[in-house]
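**Q**
Number of protein chains: 2
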Amino acid sequence: MRSKEDPRVRKTRRLLRDALVSLILEKNYTSVSIKDITARADVAYITFFRHFESIDHLLMEVLDDGLAELMQQIEASTAQTGTPNPEVEGKFIFEYIEQKSDLFRILFKSQSVTPLRKKVVTSLSAIYQKTCSPLYNSRSCIPVNVASNHIATSLLALIEWWLDNMMSPSASQMGKIYKNLIIDSTIGAVTSS
Amino acid sequence: MRSKEDPRVRKTRRLLRDALVSLILEKNYTSVSIKDITARADVAYITFFRHFESIDHLLMEVLDDGLAELMQQIEASTAQTGTPNPEVEGKFIFEYIEQKSDLFRILFKSQSVTPLRKKVVTSLSAIYQKTCSPLYNSRSCIPVNVASNHIATSLLALIEWWLDNMMSPSASQMGKIYKNLIIDSTIGAVTSS
DNA sequence: GAACATAAGTTATTCAGTATAACACTAAGG
DNA sequence: CCTTAGTGTTATACTGAATAACTTATGTTC
Chain Z
1431 MRSKEDPRVR
1441 KTRRLLRDAL
1451 VSLILEKNYT
1461 SVSIKDITAR
1471 ADVAYITFFR
1481 HFESIDHLLM
1491 EVLDDGLAEL
1501 MQQIEASTAQ
1511 TGTPNPEVEG
1521 KFIFEYIEQK
1531 SDLFRILFKS
1541 QSVTPLRKKV
1551 VTSLSAIYQK
1561 TCSPLYNSRS
1571 CIPVNVASNH
1581 IATSLLALIE
1591 WWLDNMMSPS
1601 ASQMGKIYKN
1611 LIIDSTIGAV
1621 TSS
Chain U
1431 MRSKEDPRVR
1441 KTRRLLRDAL
1451 VSLILEKNYT
1461 SVSIKDITAR
1471 ADVAYITFFR
1481 HFESIDHLLM
1491 EVLDDGLAEL
1501 MQQIEASTAQ
1511 TGTPNPEVEG
1521 KFIFEYIEQK
1531 SDLFRILFKS
1541 QSVTPLRKKV
1551 VTSLSAIYQK
1561 TCSPLYNSRS
1571 CIPVNVASNH
1581 IATSLLALIE
1591 WWLDNMMSPS
1601 ASQMGKIYKN
1611 LIIDSTIGAV
1621 TSS
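These protein sequence lines map, in sequence, to chains Z and U.
Per my numbering, the first sequence starts with residue 1431, numbered consecutively.
Per my numbering, the second sequence starts with residue 1431, numbered consecutively.
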């Protein structure tokens, strides 16, 4: 029924996506050209333009699909009443990242060039806003959106650090760090001050 | 004595720097070309290459000079015994940013394309490592470099949020947020857990 | 399975930006 | 003043982005 049903289209898009992923993992995102991608995908140059506006758009599709699952998982675990167990939640997050580490390396390698990082921050921030809002104290000098933005950016920074550090502390250790350094300390700052 | 002493060189470099700054402020960093820069600077195209390898290198020079002062200021105030007054320190930081907001807008607009953000994070992280190390508790599950990285990235994220929010809470308010949300909560997490 | 529709391949062309070379011009400093 | 070094002018090569016209291949439908 859908336009995407054509198997030729699905095949071509998959080839282009896979080609971009493998290219980013082996060199700078900025130095990947459309010609590189189509050559790697074994597809005609012009075919790229029949499917995507730009490399950024192709990348966006790759990451949107890949991150959607993680977002859902974070949202599901934080949506429960008042952040039930941030440590376990954090463990799951880092285990998920461990599984799909390639995808996240790509995110940080290219986070760079696109408005993509801001997009991810906005999505994450919206999720954590639900965690922060009920705890909000009207005397607090910290606005809710500052707190949720802080959690979102800190989580991304922690993930990036972990990947750069070859995922050295275990996922469950990172879960503890996530709980203590990001969640609990932010909640503490919002409720107390 | 130095090679830079030639007034013609100093003038040309200054013209190129100013041109880049004004161009980034009025359009996307990525869409600024060398031709744009030399046209704005009223300088021959080839002259650019006689001074800089690339636009990134030119930008690096602009930001290095501009951020050096802030770094010194942060370092000076954190170097005192055990973070004497983070709130005042934070106020100074945000007042400084207010003064040179153009420079910081450029940093975040282009943070993007270059390995520049990582460089700034590394510098800041090294400064805050001195604050964190003495407080470090051997039972803590949070490594010192994770804590200092957390402070550095959180500060940058907070600055970026502030600029995006048109510098709406005052610099002194931001100083309080900096103290409560970033410094105190990180110290709390490192010493307690 | 023949006819049609649509995707993909081929080839050529235009355009913008990077990068360099050769040579003429002009300002700085001994 | 005269050498040195920086700058301007012009020309050129190269790469990647983007599009057009046309042909070939592959699904879908009757």
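Idealized CB from N, CA, C, for every residue including glycine.
Computed from a prediction, not measured in an experiment: that's the story for all the values here.
Taking the alpha-carbon of F1626 of chain Z as reference, which of Z:G1605, Z:L1445, Z:S1622 and Z:A1577 has the nearest alpha-carbon?
**A** Past the boundaries of the shown model lies residue 1626 of chain Z; chain Z is included only from 1431 to 1623, so the question cannot be answered.
**Q** Under DSSP, the alpha helix (DSSP H) around Y1475 of chain U begins and ends at which residues?
**A** Here residue 1475 of chain U refers to the residue found at position 45 of the second sequence. Taken as a continuous stretch (DSSP letters only), the alpha helix (DSSP H) holding Y1475 of chain U covers Y1475 to F1479.
**Q** Assess contact between the segment 1514–1526 of chain U and the segment 1588–1608 of chain U, defined as three or more Cβ pairs (one per stretch) separated by less than 8 Å. Is contact present?
**A** yes
**Q** Please list the terminal residues of the continuous alpha helix (DSSP H) segment that includes P1437 of chain U.
**A** On the second sequence, position 7 is the one that residue 1437 of chain U refers to. Segment P1437 to E1456, the alpha helix (DSSP H) holding P1437 of chain U.
**Q** If you reduce the DSSP assignment to three classes, tell me which class T1460 of chain Z lands in.
**A** Residue mapping note: residue 1460 of chain Z aligns to position 30 of the first sequence, counting from 1. Helix at T1460 of chain Z.
**Q** Does the beta-carbon distance from R1535 of chain U to L1588 of chain U come in below 9 Å?
**A** Stepping through the second sequence from its first residue, residue 1535 of chain U is reached at position 105. Stepping through the second sequence from its first residue, residue 1588 of chain U is reached at position 158. No, Cβ-Cβ distance for R1535 of chain U and L1588 of chain U is not below 9 Å.
**Q** Let me confirm a value: P1564 of chain Z is counted as buried when at least 16 other C-beta atoms fall within 10 Å, else exposed. Which label applies?
**A** Along the first sequence, one-based indexing puts residue 1564 of chain Z at 134. The residue is exposed, with fewer than 16 neighbouring Cβ atoms inside 10 Å.
**Q** Does the distance from the C-beta atom of R1470 of chain Z to that of S1484 of chain Z stay below 9 Å?
**A** On the first sequence, position 40 is the one that residue 1470 of chain Z refers to. On the first sequence, position 54 is the one that residue 1484 of chain Z refers to. Against a cut-off of 9 Å, the Cβ pair of S1484 of chain Z and R1470 of chain Z comes out as no contact.
**Q** Whose C-beta lies closer than 8 Å to the C-beta of P1437 of chain Z among residues of the same chain, with five residues either side of it excluded?
**A** Residue numbering aside, residue 1437 of chain Z sits at position 7 when the first sequence is read from its first letter. The answer is none, since no qualifying residue turns up.
**Q** Which residues mark the beginning and the end of the alpha helix (DSSP H) in which F1516 of chain Z is found?
**A** Working through the first sequence from its first residue, we reach residue 1516 of chain Z at position 86. Note on residue identity: the sequence assigns Pro, not Phe, to residue 1516 of chain Z. Per DSSP, P1516 of chain Z belongs to the alpha helix (DSSP H) from P1516 to Q1529.
**Q** Tell me whether D1495 of chain U is buried or exposed, calling it buried when 16 or more other Cβ atoms sit within 10 Å of its Cβ.
**A** Walking along the second sequence from the start, residue 1495 of chain U turns up at place 65. When all chains shown are included, D1495 of chain U counts as exposed.
**Q** Quick one, which residues of the segment 1552–1581 of chain Z are near chain U if we go by CB-CB under 9 Å, in chain order?
**A** S1570, C1571, I1572, P1573, N1575, V1576, A1577, N1579 and H1580
**Q** Residues of chain Z with CB closer than 9 Å to the CB of T1583 of chain U, please, in chain order.
**A** Within the second sequence, residue 1583 of chain U is the residue found at index 153, counting from 1. Against chain Z, the beta carbon of T1583 of chain U has neighbours under 9 Å at T1583, S1584, L1586, A1587, L1588, E1590 and W1591, listed in chain order.
**Q** Give a yes or no on whether the C-beta atoms belonging to M1490 of chain Z and L1546 of chain Z are separated by under 9 Å.
**A** Taking the first residue of the first sequence as position 1, residue 1490 of chain Z is located at position 60. Taking the first residue of the first sequence as position 1, residue 1546 of chain Z is located at position 116. Cβ distance < 9 Å, so M1490 of chain Z and L1546 of chain Z count as in contact.
**Q** Run through DSSP, which three-state label would R1470 of chain Z get?
**A** Looking up residue 1470 of chain Z in the first sequence gives position 40. Note: R1470 of chain Z maps to helix in three-state DSSP.
**Q** With C-beta atoms as the reference, is E1517 of chain Z less than 9 Å away from K1606 of chain Z?
**A** The residue you call residue 1517 of chain Z lines up with position 87 of the first sequence. The residue you call residue 1606 of chain Z lines up with position 176 of the first sequence. Less than 9 Å separates the beta-carbon of E1517 of chain Z from that of K1606 of chain Z.
**Q** Along the segment 1444–1459 of chain U, where does the CB come closer than 7 Å to a CB of chain Z? Name the residues.
**A** Look at the segment 1444–1459 of chain U: it has no residue with a C-beta under 7 Å from a C-beta of chain Z.
**Q** Give the range of the alpha helix (DSSP H) segment to which M1604 of chain Z is assigned.
**A** Taking the first residue of the first sequence as position 1, residue 1604 of chain Z is located at position 174. Taken as a continuous stretch (DSSP letters only), the alpha helix (DSSP H) holding M1604 of chain Z covers A1601 to I1607.
**Q** Under 7 Å Cβ-Cβ, which residues of chain Z neighbour L1489 of chain U?
**A** Along the second sequence, one-based indexing puts residue 1489 of chain U at 59. Correct list: empty, because the minimum Cβ distance to chain Z is about 14 Å.
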